[in-house]
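A.B. asks:
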Amino acid sequence: MADKITPRSEDYAQWYVDVVRAARLAEYSPVRGSMIIPPNGYELWENMRDGLDGMFKATGHRNAYFPLLIPISFFAREADHVDGFAKECAVVTHHRLMVDADGELIVDPEAKLEEPLVVRPTSETIIWDTYSKWIQSWRDLPILINQWANVVRWEMRTRLFLRTSEFLWQEGHTAHATEEEAVEETRKMLDVYTTFAEEWMAMPVIRGLKTAAERFAGAVDTYCIEALMQDGKSLQAGTSHFLGQNFAKAFDCTFQNRNNELEYVWATSWGVSTRLIGALVMTHGDDKGIVLPPKLAPTQVVLVPILRKDGNEAVLEAARKIEQMLRDAGIRVFLDDREQYRPGWKFTEYEVQGVPIRLALGPRDIENGVVELVRRDSGEKQSVATEGLVETIRKTLDAVQQGLFDRAKAFREVHTNTADDYETFQRIIEEEGGFVLMHWDGTAETEARIKEETKATIRCLPFPGQFEGTEEPGVDPVSGQPSKGRVVFARAY
RNA sequence: CGGGGCGUGGCGCAGCUCGGUAGCGCGACUGCUUUGGGAGCAGUAGGUCGUCGGUUCAAAUCCGGCCGCCCCGACCA
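Going by my numbering, the first sequence opens with residue 1, and the numbers climb by one from there.
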């Protein structure tokens, strides 16, 4: 029978788990907090990866690979970095197994490593150790490198895609001769993420600067894109860090500048992860399942032939013709001609999986020279002419892509409020959720107090031009102290 | 780490109070009938009941230990 999906209104968290499972994006593995990503989920990730990778290459970056295992001593080099990651590291201490006297397979106590190895939670340390060898002169700079990899962070509480102990991501690590250039790179990559989120994922984001409390361990400044999920909680969808000279100093990475002076290298790092899949689910999904933006959907169009007792050959032949026509046009199409499932079953199945367009083709349609087209985002059903179908499909895919973005943006606008007093702020956070713009005095004390009392955190200090009135000075209603502008608060994932 | 829930065919669950030869739904397989929104009937296969120990003539069931997973909270992409 149907995989049951709990309605969002009943239990949003359960809905999320149900949808991920029903759409077969991920399943639990035998190890807590790690997940298996079957093809439905992985193909989605591949499309994200390919889209981003193209943008990285277009901005001059090259891919490389650094090792999974990092000597523990490397982590001791940068103080903030250690503090940030020490509590969630998996550590390799032995290199051999053996069978003991009881026949049990155990870790061989004789095979202890001289120096424990940390399974990378992020790669700054191994990379800056390497860069210190690669860089001598200003002529060696900049270094613009990205790596696609898995990382491990031993999380206390995990959720599929949103927070798992092992996840897939990309991490960019760049080295620059000047502070200005590094800051520019940090901002540029945040723009890349913004473009990707909005144009590929159809997910509107806010760009901004993190407060010290939310900053990456070891960074001078952390920038982020924040997206609003349907339950009113914010999700950090990507981060870009200006690392200053912190890692260069920790790993003694210097270069000779044009004036023959020795200087520390300026650094950035930036990343997005499989968490984006969770963001996609919670941005566009509905009670029937996920809804995929056409640009990322592994299958953009599914074609379901309506088969009967006889005359199937004619239907299948016409279906194959349509399939070929769409494929030749560069559209990712799948003809589901399996006989063990009936059309109704397939219709439901592809709705759960979020395929943007479903076509159905039966004997009646063939007679009329049409095909039935159903949009996943709206459920709208229409008969369209087989003649000119490629153009119709292209237009519809574009319309779905744009429609998803518009809908998500409208949702965000409705759920973005301004609060000028603390009572209103607390009421909105508690009752409505969403983003709340409020003045903040800039102190960690006030930030911590608000978090303590409301569970809402400062998602970012938004870049100018995104919201009206965030740039005017005012008064922090919590402390009564002056504020330089309104910042974005929300409860977050 | 605190709170809650759960470990029984592939999946979801009942059975446990009151011990007595392990059951239901879905799925799978075979056959027939079906096929424009998750088909019907008939038949078949599939389980050391998480694990270790105890009580008993007899344990899925009672007692104890251990292990694991999920959900909710405190840290984090």
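Positions of the beta carbon are idealized from the N, C-alpha and C atoms, including for glycine.
Helix, strand or coil: which one does DSSP assign to residue 109?
C.D. replies: Three-state DSSP puts residue 109 in a helix.
A.B. asks: Going by the CB atoms, is the gap between residue 164 and residue 229 shorter than 8 Å?
C.D. replies: Not a contact, by the Cβ cut-off of 8 Å.
A.B. asks: Just verifying my parser: in three-state terms, what is the DSSP assignment at residue 422?
C.D. replies: Reduced to three states, the DSSP call for residue 422 is helix.
A.B. asks: Between which residues of its own chain and residue 454 is the CB-CB distance below 6 Å, once the five residues before and five after are set aside?
C.D. replies: Answer for residue 454: 426 and 429, listed in chain order.
A.B. asks: Tell whether a beta-carbon distance below 8 Å holds between residue 141 and residue 177.
C.D. replies: Against a cut-off of 8 Å, the Cβ pair of residue 177 and residue 141 comes out as a contact.
A.B. asks: Compute the Euclidean distance between the alpha carbons of residue 17 and residue 27, then round it to the nearest angstrom.
C.D. replies: Answer to the nearest angstrom: the Cα atoms are 10 Å apart.
A.B. asks: Just verifying my parser: in three-state terms, what is the DSSP assignment at residue 220?
C.D. replies: Correct three-state label for residue 220: coil.
A.B. asks: In or out: residue 210 buried (at least 16 other Cβ within 10 Å) or exposed?
C.D. replies: The residue is buried, with at least 16 neighbouring Cβ atoms inside 10 Å.
A.B. asks: By DSSP, does residue 2 sit in helix, in strand, or in coil?
C.D. replies: Since pLDDT at residue 2 reaches only 47, below the 50 mark, its modelled position is unreliable, and the value read off the structure follows with that caveat. Residue state, collapsed to three classes: coil.
A.B. asks: Pull up the CB-CB distance for residue 119 and residue 168, whole angstroms please, since I reckon it's below 8 Å.
C.D. replies: In fact, because the Cβ distance is near 14 Å, the residues do not count as touching under 8 Å.
A.B. asks: In this structure, how does DSSP classify residue 286 when only helix, strand and coil are distinguished?
C.D. replies: Of the three classes helix, strand and coil, the one that applies to residue 286 here is strand, per DSSP.
A.B. asks: If you draw a straight line from the C-alpha of residue 331 to the C-alpha of residue 129, how long is it?
C.D. replies: Cα to Cα, the separation comes out at about 45 Å.
A.B. asks: Return the bridge partner residues of residue 173 from the DSSP annotation.
C.D. replies: In the DSSP output, where bridge partners are listed per residue, residue 173 has 145 and 269.
A.B. asks: Helix or strand or just coil, what does DSSP make of residue 302?
C.D. replies: The answer is strand: DSSP assigns residue 302 an E or B state.
A.B. asks: Which runs of the alpha helix (DSSP H) spanning at least 4 residues fall entirely within the segment 113-138, listed in chain order?
C.D. replies: For the segment 113-138, whole alpha helix (DSSP H) runs of length 4 or above, ordered along the chain, are 124-134.
A.B. asks: Alpha carbons only, please: which of 335, 308 and 390 is nearest the one belonging to residue 328?
C.D. replies: Nearest option by C-alpha distance: 390.
A.B. asks: In whole angstroms, give me the CA-to-CA distance for residue 442 and residue 483.
C.D. replies: Roughly 7 Å between the two C-alpha positions.
A.B. asks: Are the segment 307-326 and the segment 34-42 in contact at 8 Å, needing three or more beta carbon pairs?
C.D. replies: They do not touch, by the three-pair rule.
A.B. asks: Hey, would you say residue 131 sits closer than 8 Å to residue 187, going by beta carbons?
C.D. replies: No. Outside cutoff.
A.B. asks: Going by C-alpha distance, which of 401, 326, 4 and 477 is nearest residue 291?
C.D. replies: When only C-alpha atoms are compared, the closest one is 401.
A.B. asks: Report yes if the C-beta distance between residue 297 and residue 371 is below 8 Å; otherwise report no.
C.D. replies: Against a cut-off of 8 Å, the Cβ pair of residue 371 and residue 297 comes out as no contact.
A.B. asks: CB residue 265 to CB residue 250, shorter than 8 Å?
C.D. replies: Taking 8 Å as the Cβ cut-off, residue 265 and residue 250 do not qualify as a contacting pair.
A.B. asks: Tell me which residues share the same chain as residue 2 and place their Cβ nearer than 7 Å to its Cβ, disregarding the 5 neighbours each side in the sequence.
C.D. replies: Confidence in residue 2 is poor, its pLDDT being 47 and thus under 50, which makes the residue's placement unreliable; the coordinate value appears in the next sentence. Hits under 7 Å: 348.
A.B. asks: Could you please give me the residues that DSSP links to residue 482 through a beta bridge?
C.D. replies: Paired residue(s): 475.
A.B. asks: Quick check: the segment 146-154 against the segment 106-124, are there 3 or more CB pairs under 8 Å?
C.D. replies: Result yes; three or more Cβ-Cβ pairs closer than 8 Å.
A.B. asks: Considering just the uninterrupted stretch of the alpha helix (DSSP H) at residue 81, what are its terminal residues?
C.D. replies: Start and end: 79-85.
A.B. asks: Is it true that the CB of residue 351 sits closer than 8 Å to the CB of residue 285?
C.D. replies: No, they are not a contact pair.
A.B. asks: For residue 205, which of 318, 225 and 219 has the nearest alpha-carbon?
C.D. replies: Looking at the Cα atoms, 225 is the closest of the given residues.
A.B. asks: Judging by CA-CA distance, which residue of 421, 89, 417 and 74 is the nearest neighbour of residue 437?
C.D. replies: It is 417 whose Cα lies nearest to the Cα of residue 437.
A.B. asks: Hey, how far is the Cα of residue 492 from the Cα of residue 357?
C.D. replies: When rounded, the distance between both Cα atoms is 32 Å.
A.B. asks: Since residue 276 and residue 237 should fall inside the 8 Å C-beta cutoff, what is the C-beta to C-beta distance between them, to a whole number of angstroms?
C.D. replies: Yes, they are in contact, since the Cβ atoms of residue 276 and residue 237 sit about 6 Å apart, within 8 Å.
A.B. asks: Can you tell me whether residue 398 is buried or exposed? The criterion is at least 16 other CB atoms within 10 Å of its CB, across all chains shown.
C.D. replies: Exposed: under 16 other Cβ atoms inside 10 Å.
A.B. asks: Does the separation of the CB atoms of residue 19 and residue 220 fall below 8 Å?
C.D. replies: No, the Cβ-Cβ distance between residue 19 and residue 220 is not below 8 Å.
A.B. asks: Ignore the nearest five residues each way along the sequence and tell me which others in residue 478's own chain have a CB closer than 7 Å to its CB.
C.D. replies: Contacts found: 422, 446, 449 and 450.
A.B. asks: Between which two residues does the beta strand (DSSP E) harbouring residue 264 extend?
C.D. replies: It spans 262-264 - the beta strand (DSSP E) in which residue 264 sits, taken as one unbroken run.
A.B. asks: Take residue 481 and list the residues in its own chain whose beta-carbon comes closer than 6 Å to its own, dropping the five residues that flank it on each side.
C.D. replies: Once the five neighbours on either side are set aside, the close Cβ partners of residue 481 are 441.
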